[in-house]
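Here is the structure we will look at, set down as structure tokens.
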Amino acid sequence: MKNPFNNLFSRFNLKTADGKKPTKIGYVLILGLLGLLLLLISTLFQEETSYMEPPSTLPDKEESVETEEETFLQKDSKSSDLEEIETQYEEDLELLLEEISGVSAVEVMVNLDATNKKIYEKNLIVGHQTTEEIDQNGGERNIEDATEEQQVVIVRQGEKEVPLLIQTKKPEVRGVLVVAKGVEHMELKQWVSEAVSRVLDVPAHRISIMPRNNGEE
1 MKNPFNNLFS
11 RFNLKTADGK
21 KPTKIGYVLI
31 LGLLGLLLLL
41 ISTLFQEETS
51 YMEPPSTLPD
61 KEESVETEEE
71 TFLQKDSKSS
81 DLEEIETQYE
91 EDLELLLEEI
101 SGVSAVEVMV
111 NLDATNKKIY
121 EKNLIVGHQT
131 TEEIDQNGGE
141 RNIEDATEEQ
151 QVVIVRQGEK
161 EVPLLIQTKK
171 PEVRGVLVVA
181 KGVEHMELKQ
191 WVSEAVSRVL
201 DVPAHRISIM
211 PRNNGEE
């Protein structure tokens, strides 16, 4: 098979006098053509690869949507827990206040600040460091640096490691509304206010007590 470069070498006089080897210019031309060919092949390969690869932004959008859904579910769960605690407080107070002599048809509404607050055991790590410095005049001074760091205590329960819970605080009560029959009498109203204050540990100024309409049962 004939060399495809022979005609090119002969036409442009790129061979030596004996016609066997290319001249220096011929070598340069060969290298230039090979480089151009490799560049074209590389460009075509990159274009095909870019068409085959899926857009990289889609997974990020999907992860963002999943994160938003998880956050919404967490907020919805906290709201549901808060409503359950409020309902339980209201039902317990209604049963309790109904037992007061002269008080009847009780309805209670409780407004809480947040859900139960969990308190975990923590270790306090205190660090103390003293550094000696000498200034340009030869004077010495000591620099003391104290640090404090708290770390939650972790305990093992079966195959899991969980933080050590030491206390669960009840949520703070923002306000209480009581509507009942009989509280139009100051003595009964005082009894109801004191009962609510002691049960929920809420100050009297956050308790509102109103008489029920006589037409309602």
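Numbering follows the UniProt record's numbering, with no gaps: position 207 of the sequence shown is 207. Don't be surprised by glycine CBs; every beta carbon is placed ideally from N, CA and C. Nothing here was measured: the structure is a model prediction, and the numbers come from that model.
D145 - DSSP class collapsed to helix/strand/coil: Reduced to three states, the DSSP call for D145 is strand.
Look at the alpha carbon of E161 and the alpha carbon of E121, and state the distance between them as a whole number of angstroms. Separation of E161 and E121 (C-alpha to C-alpha, rounded to the nearest whole angstrom) is 14 angstroms.
In three-state DSSP terms, what is V176? For V176, the secondary structure class from DSSP, reduced to helix, strand or coil, is strand.
Is it buried or exposed, R212, if we count other Cβ atoms within 10 angstroms and call 16 or more buried? It counts as buried.
With burial defined as no fewer than 16 other Cβ atoms inside 10 Å of the residue's Cβ, what is the status of I166: buried or exposed? Label assigned to I166: exposed.
Residue closest to residue 218, alpha-carbon to alpha-carbon, out of V110, I154, Q129: The requested residue 218 is not part of the displayed model; the chain covers only 1 to 217.
So with Cβ pairs under 8 angstroms, would you call Y120 a contact of chain B? The chain inventory of the structure shown lacks chain B, comprising one protein chain alone.
So does the segment 144 to 153 actually touch the segment 126 to 135, counting three or more Cβ pairs closer than 8 angstroms? Touching, yes, given that three or more Cβ pairs across the two stretches are closer than 8 angstroms.
Straight-line Cα distance separating E83 from S101: Taking the straight line joining both Cα atoms gives about 30 angstroms.
Taking just the CA atoms, how far does E133 sit from E144? Each residue's CA atom was taken as its position, placing E144 and E133 some 11 angstroms apart.
Is G35 helix, strand or coil when you go by DSSP? DSSP, read as helix, strand or coil, puts G35 in helix.
Beta-carbon proximity of K181 to V108, cut-off 8 angstroms: No, these two residues do not count as a Cβ contact at 8 angstroms.
Quick one: using the 10 Å Cβ neighbour count with 16 as the cut-off for buried, is L188 buried or exposed? Around the beta carbon of L188, a 10 Å sphere encloses 16 or more other beta carbons of the protein chains shown; the residue is thus reported as buried.
Span separating the alpha-carbon of L141 from that of I85: Reading off the sequence shown, one finds Arg at residue 141, where the question assumed Leu. Going by C-alpha positions, R141 is about 59 angstroms away from I85.
With 16 other CB atoms within 10 Å as the buried threshold, where does F72 fall? With a pLDDT of only 49 at F72, under 50, the local geometry of the prediction cannot be trusted, and the value read off the model is given with reservation. Answer is exposed; the Cβ neighbour count stays below 16.
Nearest to G173 by alpha carbon, out of I41, Q190, L112, L33? As written in the sequence, residue 173 is Val, which differs from the Gly given in the question. Minimum Cα-Cα distance from V173 among the listed residues I41, Q190, L112, L33 corresponds to L112.
Can you name the residues that DSSP bridges to T43? T43 is not bridged to any residue.
Determine, using beta carbons only, whether L97 and A195 come nearer to each other than 8 angstroms. For L97 and A195, yes; Cβs fall inside 8 angstroms.
When you compare the CB positions of S197 and I209, do they come within less than 8 angstroms of one another, or not? It is not a contact, given that the beta carbons lie outside the stated cut-off.
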